[in-house]
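Undergrad: Residue numbers (this note's numbering): 14 to 157. Ideal Cβ positions, reconstructed from N, Cα and C, are used throughout, including at glycine. I have a structure I would like to understand better, so I am pasting it below and will then ask my questions one at a time.
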Amino acid sequence: MKLAIVEDEVILAMALTLMLEDWGHQVIGTADTEAGALALVETRRPDAVLMDIRLGRKDSGLLAARRIRESSDVPIVFCTAYADSEPVQAEVCAIDNAHLVGKPVDEEQLEWLLRNIEARLRKVASSAFAASIAPALQTAANDL
Numbered sequence: 014m015k016l017a018i019v020e021d022e023v024i025l026a027m028a029l030t031l032m033l034e035d036w037g038h039q040v041i042g043t044a045d046t047e048a049g050a051l052a053l054v055e056t057r058r059p060d061a062v063l064m065d066i067r068l069g070r071k072d073s074g075l076l077a078a079r080r081i082r083e084s085s086d087v088p089i090v091f092c093t094a095y096a097d098s099e100p101v102q103a104e105v106c107a108i109d110n111a112h113l114v115g116k117p118v119d120e121e122q123l124e125w126l127l128r129n130i131e132a133r134l135r136k137v138a139s140s141a142f143a144a145s146i147a148p149a150l151q152t153a154a155n156d157l
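Structure representation (structure tokens):
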């Protein structure tokens with residue numbers, strides 16, 4: 014699965030990259046700001062985004078996610094130390110196709126979540142493929 018990482022802590026972004034690549038995923042880019050996140054999603058079209066909620070002093074992963082939702086339904090996995098905060102949970106729930114994982118990252122939980130997202134993406138892709146060839150199959154059947 015092609016993944017984008019939005020994280021302002023360079024060492025954590027590198028650790029996530031190594032972990033995700035060990036699991037067989039491809040990290041197609043990283044960003045550390047709202048603007049960088051938007052550009053990354055728009056230009057690289059990841060299958061999913063791992064995003065921190067607090068990006069430096071002034072940027073917000075939540076705001077970036079809301080702006081991404083204006084043009085994309087890419088799954089967003091928030092990785093944050095504030096996962097137990099009810100206001101944070103409510104904000105994440107208000108964003109469609111968003112998920113929440115606490116920091117430090119529970120590797121088993123994150124891997125399980127990403128595998129489920131990947132399975133859902135495969136199912137959607139196969140359904141779209143089946144729908145696209147259905148008219149051709151119908152025409153072929155009528156020609157018999």
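Which residues in the same chain as residue 95 place their Cβ atom closer than 8 Å to its Cβ, once the five residues preceding and following it in sequence are excluded?
TA: Residue 95 sits at position 82 when you count from the first residue of the sequence shown. Closer than 8 Å at Cβ, skipping near neighbours: 66, 67 and 101.
Undergrad: What separation, rounded to the nearest whole angstrom, lies between the Cα atoms of residue 118 and residue 103?
TA: Mapped onto the sequence shown, residue 118 falls at position 105. Mapped onto the sequence shown, residue 103 falls at position 90. Spanning the two alpha carbons is a distance of roughly 20 Å.
Undergrad: Mapping DSSP to helix, strand and coil, what is residue 64?
TA: Taking the sequence shown and counting its residues from 1, one reaches residue 64 at position 51. It is a strand residue.
Undergrad: Just to confirm before moving on: does the CB-CB distance between residue 26 and residue 20 stay below 7 Å?
TA: Mapped onto the sequence shown, residue 26 falls at position 13. Mapped onto the sequence shown, residue 20 falls at position 7. Closer than 7 Å, so yes.
Undergrad: Within a Cβ cutoff of 7 Å, which residues of the same chain sit near residue 57, ignoring the five residues on either side of it in sequence?
TA: Here residue 57 refers to the residue found at position 44 of the sequence shown. Excluding positions up to five away in sequence, the list reads 17, 41 and 42.
Undergrad: So, are the CB atoms of residue 60 and residue 134 less than 7 Å apart?
TA: Numbered from its first residue, the sequence shown carries residue 60 at position 47. Numbered from its first residue, the sequence shown carries residue 134 at position 121. A contact, by the Cβ cut-off of 7 Å.
Undergrad: Between which residues of its own chain and residue 31 is the CB-CB distance below 8 Å, once the five residues before and five after are set aside?
TA: Position 18 of the sequence shown, counted from the first residue, corresponds to residue 31. Here the set comprises nothing.
Undergrad: Any idea if residue 37 is buried or exposed, counting beta-carbon neighbours within 10 angstroms, 16 or more meaning buried?
TA: On the sequence shown, residue 37 is found 24 positions in, with the first residue counted as 1. So residue 37 ends up on the exposed side.
Undergrad: Sorted by chain position, which residues of the same chain lie with C-beta nearer than 6 Å to residue 15's C-beta, five sequence neighbours on each side aside?
TA: For the purposes of this step, residue 15 is taken as residue 2 along the sequence shown, with counting starting at 1. Contacts found: 39, 41, 59 and 60.
Undergrad: Indicate the three-state DSSP secondary structure (helix, strand or coil) for residue 26 in the structure shown.
TA: In the sequence shown, residue 26 corresponds to position 13, counting from 1. Residue 26: helix per DSSP, three-state reduction.
Undergrad: Nearest to residue 29 by CA position, among 89, 120, 53 and 99, is which residue?
TA: Residue 29 sits at position 16 when you count from the first residue of the sequence shown. If we check each option's Cα against that of residue 29, 120 comes out closest.
Undergrad: So, for residue 82: in the same chain, excluding its five sequence neighbours on each side, which residues have a beta-carbon less than 7 Å away from its beta-carbon?
TA: On the sequence shown, residue 82 is found 69 positions in, with the first residue counted as 1. Answer for residue 82: 108 and 109, listed in chain order.
Undergrad: Just to confirm my understanding: we take residue 73, look at its own chain, exclude 5 residues before and 5 after, and list those with CB closer than 8 Å. What are they?
TA: As a first step, residue 73 is located in the sequence shown; it is residue number 60 there, counting from the start. Result list for residue 73: 47, 66 and 67, in chain order.
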